[in-house]
Structures are given as structure tokens and as C-alpha cells.
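Using the UniProt record's numbering, read the sequence shown as starting at 1 and increasing by one per residue. Each residue gets a CB set at the ideal place from its N, CA and C atoms; glycine is no exception. Report on the following structure.
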Amino acid sequence: MKKQLSFLQEELKRRESRWSTTHNRLRQQIDSLSSDNSNLKDEVRTMEKLRLSTWRKIGTDSDRENDRREKERGREGPRPLDSYIALEARCLKLASPPDTARSSQPQSSISSKGSPSGHSPTTQGGIRGILKRSGPTPAPSPAHNYSSEDRPESLTRSHHPAQSHDHSNNLSPRDRGLQTETEVKEQQEPGQDVLTHPDGKMERVLACGGRLIIFLNGTRKEVSADGLTVKVTFFNGDIKQVMADQRVIYYYADAQTTHTTYPDGIEVLQFPNNQTEKHFPDGRKEITFPDQTVKNLYPDGREESVLTDGTIIQVNLDGSKEIQFNTGQKEIHTADYKRREYPDGTLKTVYTDGRQETRYPTGRLRVKDKDGNIVMDNRP
């Protein structure tokens, strides 16, 4: 009885140790989840602020652009097409002889609509000469730069050589760069600065003091004012965050997996099915399955699983398995037998050949063959 009592006390101590370890592990998981939840809430608030800021900026830019167009429309004066038609009419009057002006009037009206056969070679030469002597027509401002879609149809069909309609193609690379920077500055909020780097990336200083860097491939990098927090959104959807506490969080968009690295070397992987893996610096791995089953993989090859009902399964290096149930029972699986230990000290063993052996705390031994027949029973 003393041996049995001592055995039960040791068993109780071992269980208390395991329960304490399990409790600490669950507490750490709760703390980690609470921290992740807080970080996600902060990120949601930040993204909401950015969304509202972008929404306000788009509305402001749209209003500013409409006002600018209205002002330019009021300053542009006579339309270029009307001026061109009036100039052509004056040239025709000067080039035609006085006595033939009346007879050539119908033909001139046809030619003004774009028919090349309406003028004789002499008349064409006179018109071109007068146009050349009068000097080149001033190029329209960028606001009057008609594209092939919105250019007036009559101007497109004119038989005179047209001026260059895409003025941005006639600009030098430096001028094109200044134009791009101007567009970016028009889109930014008041009080922001934009810096264009030689490699093409744009750096914007935000109102909060942080910086936003946009690369040519679409990657965005956000740096906080103190430089301790960095968020990089890659063009493929991946997101990398460096937090102020030196945590590094990487989100893989394709796999929908989050990889968090802590300053102490611990790495946590969170999969879309709610499975979590924790990698420790000593090589140990802790896997938490969606049903909250926890499995530990040790560097030496041992395994330990803790089920939700408190059952603990241990796999040793020799391949043997120990199962500790929440009822206090214990099973040992080896290549030769399976043994179950009961809280009262009873041992029941089943061998691979089918034999069964039961040992009671009183010293009784009962043996059965593979068919269940009692071979020996030394009941006192």
C-alpha cells in the first residue's frame, strides 16, 4: 500500500506539472492572440483613416479640376476652328482674281469642306504662300490639345498639314518628368511634399510626418514618422510589416498565410484553416490545430500531443507511445504489447500474439490465451 501510495503521489505530481505547463501554454496563446487582435484593430483604424483621406482627396481634386477647366474655357476666346476657317476665307479672296471671284465662289466653298480637287495648282500655291508669309499659327495651349477621339471632325479632315496634337511627345524628358511631378503635386493633400527619385519612384511626405514611397511596379512602402513602423505592400498582394516592438509580420496573399517573427527568435505561422505553428529557437515546434489540439515536435524526434479533453499522447524515440487519459488511466504501446495502467494499480497487457495478462494490486495474476481461455489465475 505504501508503494502504491508513493506511486500515486508521484503520478499526481507529474500530472500537476503537465497541467501547469498546459495552462502556461494556453495563457501564452491567449496573450499572443490578444496582441494580434489589438494590432489588427490598429491596422483597421489606420486603413479607415487612409480610405477617408483618399476619398476626401479625390473629391477635392475633382472640384479643383472642374474649376480649372471652367476658367480656361472662359479665357480661351475664339475657337481655333473658327479662326482657321476665317483665315482660309481671307486667303482665298486674296489669291483669286477680282473678275473670277464670283465664278470660283462655289468651288471654294466645296474645297473648304476638305475636297482636294476644288483648287487649281496655282490657287493652292497662292494659299500656301500667304500662310507661310503670315507666320506659323501659335500652338494651342495644353488645354486645347485635341486627341484623335475628341478632335473636331472638320479639323481632322482638313487638307492643310496639321500641327502636332500630342504636345507631350514634343517635350524633352526633363519636361515630361516635371509634368508628371506636377500631376502628383496636384493630387496630394495640402502641406505634403513629393520627391521624385532618378529610378522613377515617388516619395510623399504625409501630414502625420510619415513617408509614402510608391515604386514603378506598384509596390507601396509606408514609414511612420519615428521610423519604427514600416509597412510594404507588394504588387502581388503580399504585405510585410515591421512593428515598433521589432516584430516582423509577413502576409502571403496567395497562400493566405501570416508569418510573424518575434525579436526573441520565435516564429509563428497562421494558416487560413486556423491552424497555427510556432517555431522556437531551440528547434521545437508547436502546432495548434483548428480543434485546439496542441502537438509539440522536439528536435530529438520526440512528439507530444495534448487533446482538448486533456489526453496527452507522447511518442518516444524508440517508437513506443504513451497515452495519459483524463480519467487517470495510462496506456503504453510498444512493438510487442499494449499495456493499460489503472489508477488503482491494475495492469492489463495485451501481447501481439493475442495473449492477455492482468495483474491486480493484491498480487493476483490472470493469463488468457488468444481465444480468451483462462490459462492461469493465482487468485489468493
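Check, Outcome
"Helix, strand or coil at L42 according to DSSP, with G and I counted as helix", "Note on identity: in this sequence residue 42 is Asp, with Leu being the wrong assignment. Correct three-state label for D42: helix."
"Counted within 10 angstroms of its Cβ, other Cβ atoms place Q246 as buried (16 or more) or exposed", "exposed"
"Close-in-space but distant-in-sequence residues of the same chain around T346 (CB under 6 angstroms, 5 per side omitted)", "Y360"
"Endpoints, the beta strand (DSSP E) within which M376 is located", "374-377"
"Cut-off 6 angstroms between Cβ atoms - residues of its own chain near T288, not counting five sequence neighbours on either side", "T276, V294"
"Alpha-carbon spacing of D254 relative to R15, whole angstroms", "43 angstroms"
"Cut-off 6 angstroms between Cβ atoms - residues of its own chain near V315, not counting five sequence neighbours on either side", "E303, K321"
"Bridge-paired residues (DSSP) for L297", "K285, E303"
"Residue span of the beta strand (DSSP E) that contains K231, given as start and end", "230-233"
"Validate contact between the stretch 212-226 and the stretch 1-14 using beta carbons, cut 8 angstroms, 3 pairs", "no"
"L216 versus H197, D369, Y262, residue with shortest Cα-Cα distance", "H197"
"Exposure of residue 398, with buried meaning 16 or more beta-carbon neighbours within 10 Å", "Limits of the chain in this structure are 1 at one end and 380 at the other, which puts residue 398 out of reach."
"Euclidean distance between Cα positions of Q179 and T233", "Note that Q179 has pLDDT 36, beneath the 50 cutoff, so the model's placement of it is unreliable and the number below is only indicative. So the two alpha carbons sit approximately 27 angstroms from each other."
"Inter-residue Cα distance where the pair is N37 and N24", "20 angstroms"
"CA-to-CA distance, M376 to N274, given in whole angstroms", "53 angstroms"
"Nearest neighbour of D238, chosen from A244, T229, T258 [CA to CA]", "T258"
"Boundaries (first-last residue) of the beta strand (DSSP E) holding Q292", "Segment: none, Q292 is in no beta strand (DSSP E) and carries neither H nor E."
"Cβ-Cβ separation, Q329 to Y337 (assumed contact under 8 angstroms), whole Å", "About 16 angstroms separates the two Cβ atoms, so there is no contact after all."
"DSSP three-state assignment for L50, whether helix, strand or coil", "helix"
"As assigned by DSSP and simplified to three states, the class of R204", "strand"
"Per-residue DSSP class, three states only, for R359", "strand"
"Close Cβ partners of K285 (< 8 angstroms) along its chain, the five nearest in sequence each way excluded", "E277, K278, H279, N296, L297"
"Simplified DSSP assignment, three categories, for Q270", "strand"
"Rounded separation between K348 and F7 - CA only", "17 angstroms"
"For Q241, three-class secondary structure by DSSP", "strand"
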